[in-house]
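Under the UniProt record's numbering, the letters of the sequence shown match residues 1 to 589, in that order.
For glycine and all other residues, C-beta sits at the position ideal for the given N, C-alpha and C.
Everything numeric in this text was worked out from a predicted model, so none of it was measured.
The structure under discussion appears below in the form of structure tokens.
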Amino acid sequence: CLPEAGDFRAQQCSAHNDVKYQGQFYEWIPISNDPDNPCSLKCQARGTALVVELAPKVLDGTRCYTESLDMCISGMCQIVGCDHQLGSTVKEDNCGVCNGDGSTCRLVRGQYKSHLSPNKLDDTVVAIPYGSRQVRLVLKGPDHLYLETKTLQGVKSENSLSSTGSFLMDNSSIDFQKFSDREILRISGPLTADFTIKIRYAGAADSSVQFIFYQPIIHQWRETDFFPCSASCGGGYQLTSAECFDLRSNKVVSDQYCHYYPENIKPKPKLQECNLDPCPASDGYKQIMPYDLYHPLPRWESTPWTACSGSCGGGVQSRSISCVEEDIQGHISPVEEWKCMYTPKMPVVQTCNIFDCPKWLAQEWSPCTVTCGQGLRYRVVLCMDHRGMHTGGCSPKTKPHIKEECIIPTPCYKPKEKLPVEAKLPWFKQAQELEEGTAVSEEPSFIPEAWSTCSVTCGVGIQVRLVKCQVLLSFSQSVADLPIDECEGPKPVSQRSCYSGPCSGEATEYTPEETELLYGSLQELDELYDWEYKGFTECSESCGGGVQKTVVSCLNKQTRETVDETLCVTSRRPPQLLKICSLDPCPPR
1 CLPEAGDFRA QQCSAHNDVK YQGQFYEWIP ISNDPDNPCS LKCQARGTAL
51 VVELAPKVLD GTRCYTESLD MCISGMCQIV GCDHQLGSTV KEDNCGVCNG
101 DGSTCRLVRG QYKSHLSPNK LDDTVVAIPY GSRQVRLVLK GPDHLYLETK
151 TLQGVKSENS LSSTGSFLMD NSSIDFQKFS DREILRISGP LTADFTIKIR
201 YAGAADSSVQ FIFYQPIIHQ WRETDFFPCS ASCGGGYQLT SAECFDLRSN
251 KVVSDQYCHY YPENIKPKPK LQECNLDPCP ASDGYKQIMP YDLYHPLPRW
301 ESTPWTACSG SCGGGVQSRS ISCVEEDIQG HISPVEEWKC MYTPKMPVVQ
351 TCNIFDCPKW LAQEWSPCTV TCGQGLRYRV VLCMDHRGMH TGGCSPKTKP
401 HIKEECIIPT PCYKPKEKLP VEAKLPWFKQ AQELEEGTAV SEEPSFIPEA
451 WSTCSVTCGV GIQVRLVKCQ VLLSFSQSVA DLPIDECEGP KPVSQRSCYS
501 GPCSGEATEY TPEETELLYG SLQELDELYD WEYKGFTECS ESCGGGVQKT
551 VVSCLNKQTR ETVDETLCVT SRRPPQLLKI CSLDPCPPR
């Protein structure tokens, strides 16, 4: 019904104003929303507490409840859907659309906390736009709510909300409850104006306001017609676009208004061919229209990917994407992105090098170097990449230690006669008897052997010597060789130049100092080359238990390339370890 028609139930009550009740005339107003009998005509005498059932049932078509479309038929409340069909269960969504999917509005919820300021008497809590529904605000604290409105025509009004009650403000029904410690505001909506909810400071304590409402999406994308064809003949293309449309003013507005709503997705342009008739062949060229600057179709172009932000463990690389068009001369120029939106835009960011970074892999500990008392045990620690290959790049700071002390709980006894003691690890040479005067201690240290004779009998040659990392095994008074990196401090040189006098035919004899200047110092081999683990061999057996051995290679420290083993110092070769493999039993024969 039209708003000016009035309330149907109120009309039925007022029809009894001319009829005496208990000998007196009354002005009757309706009593609505009776939960026990919503289809009886109960009315109240205005200005009194007198409530009377003036008819056992209201006229057909009267609403059962004020906030429902259900209506009374023959004194019974019948269900009515939002499509105004009797017996229909179709309902409005939260946006007020009958049988809608809720896509035309969005839920807004939030909280405001007041902060007292000597320079401010009030503050804005939230602005609720025209058309919003199911507004609810709860204020907790000493402050007070008040309203300001502005219609689409620019008319402003204000309400101080001084007392509990229901009232109209710009044709919007408002329900307000005021308590000593809180205030509650409800507006079913839809709002017929823009509402601004404000707070007026009233006490020394802060207040908080929680609010929730459904805000209509008043800006939506609208697809345009096709633009003119890119060519007048010979085949061209034309595209559509989309513009942001204000549903209230019926005007096109800036795109930013539509981008405000995350659920408001801009439609992709549509593409179609046009003017497919052949061009006249008189001049050998097709006729070009003034706007025919782009041929063939617009396309996305990208710059190369940037370098990955990480070498391993996951990084990011980016590139620039632009929409370009090519004219008939082959000149490429950038254009608006929407012209390329008929195809998906390429990603501008991607992950890279997501494989794990190299990390240290520690093998099993070797047996203890002694059979009684305190000794040492060793293990191989390799830097492995994500493919299981031996590589570099692991941080030396996080490398697990390769040596630790071990104790065998068996008492040691000094042997009656000095015999060589067998080392327990493959990289230990047979322990040698401690010789008088050898400066070997219980701490690993470099022990150089005697220099070899000069490599030449005249002129400048080379002398070499072995430099070992050795430790004194105190329980057996024997010396054991250790891996070279177990000794700390500078390693003594293992090679030097030597001069054996002038060769026949040389007129001049050189002093060692002159020889150094003449031939230059020789770089030590052990500064250029070193041993390194390269993993394990294949298992010696395919089942029933086999053995894998460590693979050791001689590497150039600068190029990391494998070189001939004669270039590495033999005494520095790391130990060879064994590990058991292929433990599954062999199938029966």
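Taking DSSP's pairing of strands, which residues face residue i in a bridge?
i: residue 71; result: 63 and 78
i: residue 556; result: 529
i: residue 205; result: Residue 205 pairs with nothing; no bridge assigned.
i: residue 334; result: 324
i: residue 573; result: Partner(s): none; residue 573 has no beta bridge.
i: residue 52; result: 43
i: residue 159; result: 147
i: residue 384; result: 359 and 390
i: residue 412; result: Bridge partners of residue 412: none, in fact.
i: residue 248; result: Paired residues: none, contrary to the question.
i: residue 377; result: 404
Looking at the secondary structure, which residues open and close the beta strand (DSSP E) in which residue i lies?
i: residue 208; result: 208–216
i: residue 219; result: 219–223
i: residue 195; result: 194–200
i: residue 238; result: 236–239
i: residue 591; result: With the chain covering only 1 through 589, there is no way to say anything about residue 591.
i: residue 498; result: 495–499
i: residue 448; result: 445–448
i: residue 169; result: 165–169
i: residue 176; result: 172–178
i: residue 580; result: 578–581
i: residue 109; result: 105–113
i: residue 466; result: No beta strand (DSSP E) contains residue 466, which DSSP labels as neither H nor E.
i: residue 276; result: Run containing residue 276: none; DSSP gives neither H nor E here.
For residue i and residue j, I'd like the C-alpha separation in whole angstroms.
i: residue 38; j: residue 86; result: 17 Å
i: residue 241; j: residue 94; result: 31 Å
i: residue 532; j: residue 541; result: 26 Å
i: residue 406; j: residue 444; result: 16 Å
i: residue 99; j: residue 299; result: 41 Å
i: residue 20; j: residue 189; result: 39 Å
i: residue 218; j: residue 267; result: 17 Å
i: residue 334; j: residue 316; result: 26 Å
i: residue 555; j: residue 484; result: 15 Å
i: residue 480; j: residue 472; result: 7 Å
i: residue 387; j: residue 582; result: 21 Å
i: residue 455; j: residue 466; result: 15 Å
i: residue 18; j: residue 42; result: 17 Å
i: residue 369; j: residue 549; result: 19 Å
i: residue 400; j: residue 362; result: 7 Å
i: residue 257; j: residue 244; result: 7 Å
i: residue 187; j: residue 338; result: 41 Å
i: residue 209; j: residue 139; result: 4 Å
i: residue 84; j: residue 59; result: 18 Å
i: residue 63; j: residue 97; result: 20 Å
i: residue 178; j: residue 167; result: 14 Å
Grouping DSSP H, G and I as helix and E and B as strand, with all else coil, what is residue i?
i: residue 390; result: strand
i: residue 538; result: coil
i: residue 405; result: strand
i: residue 340; result: helix
i: residue 567; result: helix
i: residue 187; result: strand
i: residue 491; result: coil
i: residue 397; result: helix
i: residue 442; result: coil
i: residue 486; result: helix
i: residue 352; result: strand
i: residue 18; result: coil
i: residue 91; result: coil
i: residue 301; result: strand
i: residue 153; result: coil
i: residue 314; result: coil
i: residue 141; result: coil
Is there a Cβ of chain C sitting closer than 7 Å to that of residue i, yes or no?
i: residue 212; result: Structure shown: chain C not included; a single protein chain is present.
May I ask which residues mark the beginning and end of the alpha helix (DSSP H) holding residue i?
i: residue 10; result: 8–14
i: residue 122; result: Premise fails: residue 122 lies in the beta strand (DSSP E), 122–128, not in any alpha helix (DSSP H).
i: residue 144; result: Not the alpha helix (DSSP H): residue 144 falls in the beta strand (DSSP E), residues 144–150.
i: residue 258; result: 255–259
I believe residue i touches residue j by the beta-carbon criterion, under 8 Å. Please report the beta-carbon distance rounded to the nearest angstrom.
i: residue 412; j: residue 446; result: About 27 Å separates the two Cβ atoms, so there is no contact after all.
i: residue 197; j: residue 137; result: 6 Å
i: residue 71; j: residue 61; result: 6 Å
i: residue 590; j: residue 355; result: In the structure as shown, the chain begins at 1 and stops at 589. Residue 590 is therefore absent and cannot be evaluated.
i: residue 143; j: residue 200; result: 6 Å
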